[in-house]
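Protein chains in written order, with the numbering used here: chain A, 219 to 300; chain B, 219 to 300; chain C, 9 to 150; chain D, 9 to 150. Don't be surprised by glycine CBs; every beta carbon is placed ideally from N, CA and C.
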Amino acid sequence: MIKIKMFFFAGARELVGQGCLELEIPLSSNIAELKKILITKHPKLESLANNAAFAVNEIFVTQDHIILAEDSVAFLPPFSGG
Amino acid sequence: MIKIKMFFFAGARELVGQGCLELEIPLSSNIAELKKILITKHPKLESLANNAAFAVNEIFVTQDHIILAEDSVAFLPPFSGG
Amino acid sequence: MKIQLTQKAIDHQKMVENCRSKVTGAIVLFLGTVRELTGNEKTLFLEYEAFAPLAEKSLQEIALESKKMWPIHQVEIIHKLGKLEPGETSIAVCVSCPHRAEAFAACEHIMNRIKKMVPIWKKETNPEGGSNWVHPISKPTS
Amino acid sequence: MKIQLTQKAIDHQKMVENCRSKVTGAIVLFLGTVRELTGNEKTLFLEYEAFAPLAEKSLQEIALESKKMWPIHQVEIIHKLGKLEPGETSIAVCVSCPHRAEAFAACEHIMNRIKKMVPIWKKETNPEGGSNWVHPISKPTS
Chain A
219 MIKIKMFFFA
229 GARELVGQGC
239 LELEIPLSSN
249 IAELKKILIT
259 KHPKLESLAN
269 NAAFAVNEIF
279 VTQDHIILAE
289 DSVAFLPPFS
299 GG
Chain B
219 MIKIKMFFFA
229 GARELVGQGC
239 LELEIPLSSN
249 IAELKKILIT
259 KHPKLESLAN
269 NAAFAVNEIF
279 VTQDHIILAE
289 DSVAFLPPFS
299 GG
Chain C
9 MKIQLTQKAI
19 DHQKMVENCR
29 SKVTGAIVLF
39 LGTVRELTGN
49 EKTLFLEYEA
59 FAPLAEKSLQ
69 EIALESKKMW
79 PIHQVEIIHK
89 LGKLEPGETS
99 IAVCVSCPHR
109 AEAFAACEHI
119 MNRIKKMVPI
129 WKKETNPEGG
139 SNWVHPISKP
149 TS
Chain D
9 MKIQLTQKAI
19 DHQKMVENCR
29 SKVTGAIVLF
39 LGTVRELTGN
49 EKTLFLEYEA
59 FAPLAEKSLQ
69 EIALESKKMW
79 PIHQVEIIHK
89 LGKLEPGETS
99 IAVCVSCPHR
109 AEAFAACEHI
119 MNRIKKMVPI
129 WKKETNPEGG
139 SNWVHPISKP
149 TS
């Protein structure tokens with residue numbers, strides 16, 4: 219298991235109840251696997267998770283990106299800026 | 219013959235040497251015929267005249283528009299506003 | 009709707025505030041400004057001249073036509089006449105619409121029509137004192 | 009090039025003056041403003057939130073990408089965060105280019121990219137006190 223930092227924004231932050239939390243996930247998990255872990259813990263996140271983008275250490279990543287220990291992972295619901 | 223007022227703008231005004239002049243033209247002349255009269259009087263106008271728009275009493279008109287006595291006719295070289 | 013030919017500097021800040029509203033989500037402002045260089049030709053200043061009554065009427069028609077084509081909430085068009093130096097605003101068009109695609113399309117359309125349809129002319133004077141009226145025969149300059 | 013997320017009112021007048029130059033002939037300013045009505049839903053105010061470091065980086069990338077696509081002389085993008093009331097400017101994009109077609113295209117492209125690519129979100133609050141985050145699943149709102 220590795221420890222990572224999760225950051226939630228906007229609707230996701232409100233559903234989770236906090237903007238930031240520490241999480242333990244299996245070694246070599248990718249973003250798709252992280253999503254499943256998050257949905258198990260917070261079932262209400264499912265719809266947003268399926269449409270969210272993810273960033274690791276402030277860089278956008280794809281579903282197959284492998285997460286490393288101490289990474290900062292951001293859960294980014296569909297954008298509505300502008 | 220009828221009397222009309224001719225107005226010239228921009229390059230046409232400079233070629234003619236004045237912005238406004240009175241002119242006598244045959245009864246029932248249209249714009250195309252007026253152009254020929256103007257070019258005969260001011261040969262330097264030819265190139266501009268072939269590309270100019272015309273307005274009668276502040277309304278755009280086509281080549282076959284018949285000019286009436288006392289009309290104010292404007293010679294409008296290609297536009298370059300904006 | 010406000011259409012104006014003016015000898016004064018154009019106050020685009022005011023135009024934007026006149027177009028701003030609570031019912032629209034997009035404002036597009038276009039400013040045409042005097043360039044110092046056209047190709048290799050240097051411009052010291054420009055002089056704009058209009059056939060004012062017909063120019064105003066043409067601008068009105070362009071604004072009305074655009075209001076039929078897009079859901080324009082407010083539109084303002086101001087053209088400066090007289091002498092203008094490089095960097096100065098010669099024309100400003102401001103449009104507000106519910107959404108941005110409409111506002112961009114309407115504002116650009118208005119500018120394209122102005123270039124083609126409005127009896128206004130500019131004369132360029134170069135640093136050597138030479139000058140000439142711009143009468144684009146084939147295509148309008150921008 | 010200036011990219012900014014701010015809590016303050018956006019000074020679009022200053023953005024235009026920063027983009028004005030003697031080498032360009034066209035300035036296009038876009039303002040996104042808060043609408044009071046979306047369909048039949050009334051909005052009392054909006055709250056904008058950003059993942060700031062990534063939002064700034066994304067805005068930078070969009071500006072740089074646009075500079076490769078068009079001859080942009082100057083570009084400024086400012087997004088307001090925090091609470092906004094109907095009529096207020098949430099985003100301003102200002103671009104100067106040699107000619108107008110480029111300036112319109114560049115400014116609209118930048119806005120389209122911002123809507124899609126930048127981690128910023130808005131929450132709508134209605135007069136009854138109800139509120140919800142806007143997370144467009146199928147298509148972005150404008």
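- Residues of the segment 40-60 of chain C with a Cβ closer than 9 angstroms to any Cβ of chain B, in chain order: Gly40, Tyr56, Glu57, Ala58, Phe59.
- Excluding five sequence positions before and after Ser66 (chain D), the CB atoms of its chain that fall closer than 6 angstroms to its own CB belong to Met125, Val126, given in chain order.
- Fully enclosed beta strand (DSSP E) runs of no fewer than 3 residues occupy 53-58, 82-88, 90-92, 97-105 of the segment 48-132 of chain D, in order along the chain.
- Remark: C-beta atoms of His87 (chain C) and Leu37 (chain C) do not approach each other more closely than 8 angstroms.
- Counting only residues of its own chain and dropping the five nearest sequence neighbours on each side, His81 (chain C) has a CB closer than 8 angstroms to the CB of Cys27, Ser29, Val31, Thr32, Ser104, Cys105, Pro106.
- By the Cβ-count criterion, Met119 (chain D) is buried, with 16 or more other Cβ atoms from all chains shown falling within 10 Å of its own Cβ.
- The residues Met9, Val83, in chain order, have a CB closer than 8 angstroms to that of Lys75 (chain D) in the same chain once the five nearest residues on each side in sequence are set aside.
- Sequence-distant partners of Asn134 (chain D) (beyond 5 residues in either direction) whose C-beta falls short of 7 angstroms from its own C-beta, in its chain, are Glu49, Lys50, Thr51, Leu52.
- In this model, Ala71 (chain D) and Phe112 (chain C) are separated by some 18 angstroms (Cα to Cα).
- Note on geometry: alpha-carbon atoms of Gly95 (chain C) and Gln236 (chain A) lie some 51 angstroms from one another.
- The C-beta of Met77 (chain D) has fewer than 16 other C-beta atoms within 10 Å across all chains shown, which makes the residue exposed.
- Put simply, the segment 230-249 of chain B does not touch the segment 139-146 of chain D. Fewer than three CB pairs are less than 8 angstroms apart.
- Interface annotation, Lys75 (chain C): not in contact with chain B, CB-CB separation never under 8 angstroms.
- Minimum Cα-Cα distance from Ser298 (chain A) among the listed residues A:Ala228, A:Ile285, A:Ile220, A:Lys223 corresponds to A:Ala228.
- Residues of the same chain with a CB within less than 6 angstroms of the CB of Asp282 (chain A), apart from the 5 flanking positions on each side, are Asn248 in chain order.
- In this structure, Ile220 (chain B) and Ala287 (chain B) form a Cβ contact; the two beta carbons are roughly 4 angstroms apart against a cut-off of 8 angstroms.
- Within chain A, Gly299, Gly300 have C-beta atoms less than 9 angstroms from the C-beta of Ile99 (chain D), given in sequence order.
- CA-CA distance, Phe293 (chain A) to Glu57 (chain D), rounds to 14 angstroms.
- Its Cα nearest to that of Lys91 (chain C), the residue C:Lys131 stands out among C:Lys131, C:Leu45, C:Val24, C:Arg121.
- Look at Lys259 (chain B) here: in three-state DSSP terms it is helix.
- For a Cβ distance threshold of 9 angstroms, nothing in chain D lies close to Pro244 (chain A): the least Cβ distance comes to about 26 angstroms.
- Apart from sequence neighbours up to five positions away, the residues of its chain that approach Arg121 (chain C) with a beta-carbon distance below 7 angstroms are Ile70, ordered along the chain.
- Among the residues facing chain B, Trp78 (chain C) is not included, as its CB has no counterpart in that chain under 8 angstroms away.
- Going by beta carbons, Ile222 (chain A) and Leu245 (chain A) fall outside the 8 angstroms limit.
- About 6 angstroms separates the Cβ atoms of Ile35 (chain C) and Thr41 (chain D), confirming a contact at the 8 angstroms cut-off.
- In the DSSP annotation of this structure, the continuous segment of the alpha helix (DSSP H) that includes Ser265 (chain A) starts and ends at 264-269.
- Counting the other Cβ atoms within 10 Å of the Cβ of Ala250 (chain A) gives fewer than 16, which makes it exposed.
- Taking 8 angstroms as the threshold, the shortest C-beta distance from Pro261 (chain B) to chain C does not fall below it.
- If you check the CB distance, Leu62 (chain D) and Glu264 (chain A) do not come in under 8 angstroms.
- When the beta-carbon positions are compared, Ala271 (chain B) and Ala230 (chain B) stay at least 8 angstroms from each other.
- Here the alpha carbon of Pro79 (chain C) sits roughly 35 angstroms from the alpha carbon of Glu93 (chain C).
- By the Cβ neighbour-count rule, Pro296 (chain A) is buried, with 16 or more other Cβ atoms within 10 Å of its own.
- Within the model, the alpha-carbon separation for Cys115 (chain D) versus Leu89 (chain C) is close to 27 angstroms.
- Looking at the backbone, the Cα of Gly137 (chain D) and that of Ile85 (chain D) are separated by about 31 angstroms.
- By the 16-neighbour rule on beta-carbons within 10 angstroms, Leu239 (chain B) is exposed.
- Relative to Glu25 (chain C), the option among C:Trp129, C:Val101, C:Gln68 whose CA is nearest is C:Val101.
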